[in-house]
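Trainee:
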Amino acid sequence: ETGAWLDADSHISGGTDSYYEYLWKCWLLFGDKDCYKMWQASISAINKYLADEVRGELWYGHADMNTGRLTASQYGALDAFFPALLAHSGDVARARRLQDSSFKMWNMYGIEPEIIDYKTMQIVYNGYHLRPEIVESTYYLHHFTRDPQYRKMGEKIFDDLVKYCRVDAGYAALQDVVTKEKRDEMESFVLAENFKYFYLLFAPLDALDFDKVVFNTEAHPLRRTH
Numbered sequence: 034e035t036g037a038w039l040d041a042d043s044h045i046s047g048g049t050d051s052y053y054e055y056l057w058k059c060w061l062l063f064g065d066k067d068c069y070k071m072w073q074a075s076i077s078a079i080n081k082y083l084a085d086e087v088r089g090e091l092w093y094g095h096a097d098m099n100t101g102r103l104t105a106s107q108y109g110a111l112d113a114f115f116p117a118l119l120a121h122s123g124d125v126a127r128a129r130r131l132q133d134s135s136f137k138m139w140n141m142y143g144i145e146p147e148i149i150d151y152k153t154m155q156i157v158y159n160g161y162h163l164r165p166e167i168v169e170s171t172y173y174l175h176h177f178t179r180d181p182q183y184r185k186m187g188e189k190i191f192d193d194l195v196k197y198c199r200v201d202a203g204y205a206a207l208q209d210v211v212t213k214e215k216r217d218e219m220e221s222f223v224l225a226e227n228f229k230y231f232y233l234l235f236a237p238l239d240a241l242d243f244d245k246v247v248f249n250t251e252a253h254p255l256r257r258t259h
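Convert by adding 33 to the 1-based position in the sequence shown; the result is the number in the numbering used here.
#1: Report the CB separation of Ile-148 from Gln-107 in whole angstroms; it is logged as a contact under 8 Å.
#2: With a cut-off of 8 Å, do at least 3 Cβ pairs link the stretch 191-201 to the stretch 243-257?
#3: Residues in its own chain within less than 6 Å of Leu-68 by CB, not counting five upstream and five downstream?
#4: Determine the extent of the beta strand (DSSP E) in which Trp-92 is found, giving its start and end residues.
#5: State the beta-bridge partners of Tyr-161 as determined by DSSP.
#6: Determine the direct distance from the alpha carbon of Leu-234 to that of Met-219, and round the result to whole angstroms.
#7: Report the CB separation of Glu-169 from Glu-86 in whole angstroms; it is logged as a contact under 8 Å.
#8: Extract the residue ranges of the beta strand (DSSP E) inside the stretch 60-109, only unbroken runs of 3 or more that lie entirely within it.
#9: List the DSSP bridge partners of Phe-114.
#10: Check this for me: beta carbons of Ala-120 and Phe-177, under 8 Å apart or not?
#11: May I ask which residues mark the beginning and end of the alpha helix (DSSP H) holding Phe-231?
#12: Is DSSP giving Ile-190 helix, strand or coil here?
#13: Which residue from Arg-129, Asp-40 and Gln-73 puts its Cα closest to that of His-95?
#14: Determine whether the beta carbon atoms of Ile-156 and Trp-139 lie at a separation below 8 Å.
#15: I'd like to know whether the C-beta atoms of Pro-146 and Val-210 end up nearer to each other than 8 Å.
#16: Which residues share a DSSP beta bridge with Asp-244?
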C-alpha cells in the first residue's frame with residue numbers, strides 16, 4: 034500500500050534470481066529494449082556491489098541496497114545459476130571463475146550445501162534439495178567454451194548425485210550434506226531440469242541451437258522470435 038521497501042537485502046539468490054535472468058532473456062526472446070536497459074543497469078550494479086574477491090576466488094554476496102555495503106558473505110545452491118547467466122550474456126571470464134567457486138562448494142562434502150559462508154567456508158544451511166542450478170551452469174559453460182573440463186565437472190556432479198541421493202523410487206534430498214542423511218522428498222525439477230541439463234551436457238554439441246531457443250528459469254525451451 035505504501036510502496037516502502039520492506040527488505041534492503043540485495044543479492045542474486047532465491048527471491049530475486051529469476052528477475053535478473055528474465056531481464057536478459059526478455060531481451061533475447063522479444064528484443065525488448067527496456068528489458069535490455071534494465072539488464073545493463075542491473076548487471077553493472079551486481080558486479081560492482083555484490084561481486085566479492087576472496088582468496089583469489091570470485092563469489093557473489095549480499096549487500097545493503099541503499100548503501101551498497103556488503104553485509105553477508107553467503108553463497109549457495111540457488112546462486113549457482115549465475116555462471117550460466119554470465120556466460121549466456123557474454124561474460125565468460127567471470128562465469129568461469131564463479132563456476133570454479135560453485136564447484137569448490139560442491140566438493141566441500143561431495144555434494145553442495147544449500148548455503149555457505151564463502152569467507153569461512155563454513156556451512157550456513159546444511160540441507161541439499163537436489164538443486165539444478167550448478168548442473169545448468171556446467172552445461173552452459175561447456176556449450177559456450179567447448180572446454181572438456183566442464184564435462185568432467187558434470188560427470189563428478191552426476192556421480193555424487195547418484196552415490197548419495199539415489200533410492201529405489203528416485204532421488205532423495207538430503208537433510209544434511211555432512212552426514213548424508215536423506216529426506217523423503219524429491220522435487221519435480223529433478224526430472225525437468227537436472228536430468229535435462231545432464232543429458233544436454235553429454236549430448237552432441239549441436240543438440241540445441243541457442244540462436245533459436247531460450248530456456249525459461251525452469252528449463253522449458255522457448256523459441257526465439259527476435
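Just so it is clear, CB atoms sit at the ideal spot from N, CA and C, and this is done for glycine as well.
Mentor: According to the data block:
#1: Mapped onto the sequence shown, residue 148 falls at position 115. Mapped onto the sequence shown, residue 107 falls at position 74. Cβ-Cβ separation between Ile-148 and Gln-107: approximately 5 Å, consistent with a contact (criterion under 8 Å).
#2: Output reads no: the stretch 243-257 does not touch the stretch 191-201.
#3: Stepping through the sequence shown from its first residue, residue 68 is reached at position 35. Contrary to the premise, residue 68 reads as Cys rather than Leu in this sequence. These residues qualify, in order along the chain: Leu-56, Cys-59 and Trp-60.
#4: Taking the sequence shown and counting its residues from 1, one reaches residue 92 at position 59. Looking at the DSSP string, the run of the beta strand (DSSP E) that includes Trp-92 is 90-93.
#5: Numbered from 1 along the sequence shown, position 128 holds the residue referred to as residue 161. Secondary-structure assignment with DSSP links Tyr-161 through a beta bridge to Leu-207.
#6: Reading the sequence shown from its first residue, position 186 is the one you call residue 219. Reading the sequence shown from its first residue, position 201 is the one you call residue 234. The straight-line gap from Cα to Cα measures roughly 22 Å.
#7: On the sequence shown, residue 169 is found 136 positions in, with the first residue counted as 1. On the sequence shown, residue 86 is found 53 positions in, with the first residue counted as 1. Their Cβ separation, rounded to whole angstroms, is 24 Å, which puts Glu-169 and Glu-86 out of contact at 8 Å.
#8: Within the stretch 60-109, the complete beta strand (DSSP E) segments of 3 residues or longer fall at 84-87, 90-93, 95-97, 103-105 and 107-109, listed in chain order.
#9: One-based indexing of the sequence shown puts residue 114 at position 81. Note: Phe-114 sits in no beta bridge, so no partner.
#10: For the purposes of this step, residue 120 is taken as residue 87 along the sequence shown, with counting starting at 1. For the purposes of this step, residue 177 is taken as residue 144 along the sequence shown, with counting starting at 1. The Cβ atoms of Ala-120 and Phe-177 lie closer than 8 Å to each other.
#11: Indexing the sequence shown from 1 puts residue 231 at position 198. First-last of the alpha helix (DSSP H) with Phe-231: 228-235.
#12: If you number the sequence shown from 1, residue 190 lands on position 157. Three-state result, Ile-190: helix.
#13: Here residue 95 refers to the residue found at position 62 of the sequence shown. Comparing alpha carbon positions, the residue from Arg-129, Asp-40 and Gln-73 closest to His-95 is Asp-40.
#14: Locating residue 156 in the sequence shown gives position 123, counting from the first residue. Locating residue 139 in the sequence shown gives position 106, counting from the first residue. Between Ile-156 and Trp-139, the CB-CB gap reaches or exceeds 8 Å.
#15: Residue mapping note: residue 146 aligns to position 113 of the sequence shown, counting from 1. Residue mapping note: residue 210 aligns to position 177 of the sequence shown, counting from 1. Cβ distance < 8 Å, so Pro-146 and Val-210 count as in contact.
#16: Against the sequence shown, residue 244 aligns to sequence position 211. Asp-244 pairs with nothing; no bridge assigned.
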